[in-house]
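Here the numbering used here is used: the first residue of the sequence shown is 362, the next is one more, and so on.
Accompanying notes for the structure given below.
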Amino acid sequence: MRDTFLPFCRPDISEAEIAAVAEVLRSGWITTGPRAAELERAFRDRLGVPEAVAVSSATAGMHVLIEALGLGPGDEVITPAMTWVSTVNLIVLAGATPVFVDVDRDHLMTSAELVAERITDRTRLIVPVHFAGAALDLDPLYRLAAERGIAMVEDAAHAVATRYRGELVGRRGTCVFSFHAIKNLTTAEGGLVTTGDPELAERVRRLKFHGLGVDAFDRETQGRSAQAEVLEPGYKYNLPDLAAAIGLGQLARIDEIQRRRRELAERYLERLAEVPEVVPLSVPPWVTEHGWHLLVIRVDDRRTAVTRDELMAGLKARNVGTGVHFRAVHLQKYYRERFGFRPGLLPETEWSSERMCSLPLFPAMTPEDVDSVVEALKEVLAS
Ligand SMILES: *Cc1c(COP(=O)(O)O)cnc(C)c1O
Numbered sequence: 362m363r364d365t366f367l368p369f370c371r372p373d374i375s376e377a378e379i380a381a382v383a384e385v386l387r388s389g390w391i392t393t394g395p396r397a398a399e400l401e402r403a404f405r406d407r408l409g410v411p412e413a414v415a416v417s418s419a420t421a422g423m424h425v426l427i428e429a430l431g432l433g434p435g436d437e438v439i440t441p442a443m444t445w446v447s448t449v450n451l452i453v454l455a456g457a458t459p460v461f462v463d464v465d466r467d468h469l470m471t472s473a474e475l476v477a478e479r480i481t482d483r484t485r486l487i488v489p490v491h492f493a494g495a496a497l498d499l500d501p502l503y504r505l506a507a508e509r510g511i512a513m514v515e516d517a518a519h520a521v522a523t524r525y526r527g528e529l530v531g532r533r534g535t536c537v538f539s540f541h542a543i544k545n546l547t548t549a550e551g552g553l554v555t556t557g558d559p560e561l562a563e564r565v566r567r568l569k570f571h572g573l574g575v576d577a578f579d580r581e582t583q584g585r586s587a588q589a590e591v592l593e594p595g596y597k598y599n600l601p602d603l604a605a606a607i608g609l610g611q612l613a614r615i616d617e618i619q620r621r622r623r624e625l626a627e628r629y630l631e632r633l634a635e636v637p638e639v640v641p642l643s644v645p646p647w648v649t650e651h652g653w654h655l656l657v658i659r660v661d662d663r664r665t666a667v668t669r670d671e672l673m674a675g676l677k678a679r680n681v682g683t684g685v686h687f688r689a690v691h692l693q694k695y696y697r698e699r700f701g702f703r704p705g706l707l708p709e710t711e712w713s714s715e716r717m718c719s720l721p722l723f724p725a726m727t728p729e730d731v732d733s734v735v736e737a738l739k740e741v742l743a744s
């Protein structure tokens, strides 16, 4: 058994990133400024997209997009319940109605076919979720959205280094990335909206900073003080330079970060073949580069009497941390009580929600760490 605790995730921060943060602290400009602008430029260049707006979290980015799209009472938004709660909370806070769509058991992502069944004449937005580092099958989803004239925002919180049919996620449409502490590229807290629509980007830029036409850095550097008045009421969702400096360092070595994640994931998949009681996610054929954000397994109750919760407790007792990504949103207290959602609505989502957990996966892990997790898994399942 391991003699030290292996957490499910630990951020990978380099000495260069620590130095970059210290430099920002000494510079006299610590909030949104040159580093945030540089991070936006770096994402525009990397993805080849016209617009990238840094924000304080993916949740903040999704909030301003929902506001920019004008969603409100009577409007329906289609999204999976196999997601982080933030998107669904925002839909409800806007007064709109969440309409949940199921996912594929093999990879936990939804599809154009499943989404199409949920479209009504009130559907205003589709928010599909790239899951665990794999990519959604985007071509049919974009075709469906275009045919039906419905807006789409990709939840790309897990997909900063993911490729769909050879192309990085974020190159088309409108995407929201997360730089939360556990994500592949982190700024502690942070996010980024990318879009090909300059008008939408302008709204996002305005809404993320008080509804002003410009932010403080723009005023300082562009002399645009005349425009610094409220054009519409907005929020306070800007990304400070302190955080952006970390993100720039992470982006500069993202290929190395991904190489390490990929090697660990490959080792896991190889070793997990020895544990028939658990079912990892499969990689769909359209994923040409997996981001390996999470290593998700499901406990197969046809092969073991050990439950997911028992498995997590047993692993913890053996110094292995785990997480659940995610507990189905529609069966959480507020959503059950407010909308009357009951088990049976989303069979595939519920099947995984009850059986899934995420194993430790972060760049500083060693292959021996992976082996120790698999050994611990075998022990718990044998007990
Ligand atoms: C992390 C996450 C979010 C929210 O990101 P924040 O930056 O924490 O707001 C949204 N969706 C998914 C699928 C996530 O995993």
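Cβ atoms here follow ideal geometry from the backbone N, Cα and C, with glycine treated the same way.
Can you list, in chain order, the residues of its chain with a C-beta nearer than 8 Å to that of residue i? Leave out the 5 residues immediately preceding and following it.
i      : result
Arg485 : Leu430, Leu432, Asp436, Glu437, Val438, Ala457, Ile511 and Ala512
Val734 : Leu367, Tyr629, Leu676, Val681, Leu720 and Pro721
Asp750 : It is not possible to answer for residue 750, since the shown part of the chain is limited to 362 through 744.
Arg614 : Ser375
Ile391 : Val385, Pro601, Asp602 and Leu603
Val636 : Val735, Leu738, Lys739 and Leu742
Taking the C-alpha atoms as reference points, what is the distance between residue i and residue j?
i      : j      : result
Ala323 : Leu475 : Residue coverage of the chain in this structure runs from 362 to 744, which leaves residue 323 outside it and unanswerable.
Ala520 : Met362 : 33 Å
Pro434 : Ile452 : 10 Å
Ala737 : Phe369 : 14 Å
Leu454 : Ala634 : 44 Å
Ala421 : Phe570 : 11 Å
Arg703 : Gln693 : 10 Å
Ala549 : Glu412 : 23 Å
Val416 : Thr665 : 44 Å
Glu590 : His424 : 22 Å
Gly333 : Glu563 : No information on residue 333 is available, as it lies outside the stretch 362 to 744 that the chain covers here.
Pro601 : Thr481 : 40 Å
Gly527 : Pro708 : 32 Å
Met673 : Ile374 : 27 Å
Leu706 : Leu499 : 25 Å
Thr727 : Lys739 : 19 Å
Asp558 : Arg632 : 45 Å
Pro645 : Gln619 : 19 Å
Arg697 : Leu469 : 21 Å
Glu638 : Glu399 : 47 Å
Ser388 : Glu624 : 38 Å
Ser643 : Glu729 : 23 Å
Based on Cα-Cα distance, which residue from the options lies nearest to residue i?
i      : options                           : result
Leu720 : Gly705, Thr548 and Gly682         : Gly682
Thr540 : Val530, Gly552 and Arg533         : A small fix is needed here, since residue 540 is Phe in this sequence, not Thr. Residue Gly552 is the option with its Cα nearest to Phe540.
Leu676 : Glu698, Ser744, His571 and Arg371 : Ser744
Asp467 : Val460, Phe461, Asp482 and Phe492 : Phe492
Tyr598 : Glu671, Arg620 and Gly572         : Gly572
Ala517 : Asp602, Thr556 and Glu376         : Thr556
Ser713 : Glu401, Val657, Leu592 and Arg621 : Val657
Asp364 : Val554, Arg679 and Leu625         : Arg679
Val554 : Met726, Gly394, Glu401 and Val385 : Glu401
Tyr695 : Ser643, Pro724 and Asn450         : Asn450
Glu617 : Asn545, Gly534 and Ala605         : Asn545
Val731 : Asp500, Arg622 and Gly389         : Arg622
Gly595 : Arg387, Leu426 and Arg509         : Leu426
Glu671 : Pro637, Glu399 and Cys718         : Cys718
Leu497 : Gly684, Thr649, Arg387 and Ser388 : Thr649
Can you check whether the CB of residue j is closer than 7 Å to the CB of residue i?
i      : j      : result
Met443 : Val464 : yes
Trp647 : Tyr525 : yes
Ala419 : Val565 : no
Leu568 : Glu428 : yes
His691 : Gly494 : no
Trp445 : Phe700 : no
Leu603 : Val385 : yes
Thr523 : Gly394 : no
Pro372 : Ala542 : yes
Ala605 : Arg396 : yes
Ala380 : Leu612 : no
Val514 : Thr535 : yes
Here's a check: name, in chain order, each residue in its chain whose Cβ is nearer than 6 Å to the Cβ of residue i, leaving out the five neighbours to either side.
i      : result
Thr788 : Since the first and last residues shown for the chain are 362 and 744, residue 788 lies out of range.
Thr440 : Thr448 and Val488
Glu378 : Ile607 and Gly610
Thr471 : Pro441, Val462, Val464 and Pro489
Arg479 : Ile439, Val460 and Val462
Glu593 : Gly572
Arg405 : Ala413
Ala751 : Residue 751 is absent from the structure shown; the chain starts at 362 and stops at 744.
Apart from the five residues on each side of it in sequence, which residues of its chain come closer than 7 Å, Cβ to Cβ, to residue i?
i      : result
Ala477 : Leu505
Val667 : Val660, Val741 and Leu742
Arg532 : Leu408, Gly409 and Val410
Arg483 : Gly435, Asp436 and Glu437
So within the stretch 628-706, which uninterrupted beta strand (DSSP E) runs reach at least 3 residues, ignoring any that extend past its ends? 639-641, 648-650 and 656-660
What ranges does the alpha helix (DSSP H) occupy inside the stretch 388-467, keeping only unbroken runs of at least 4 residues that lie completely in it? 395-408, 419-429 and 446-454
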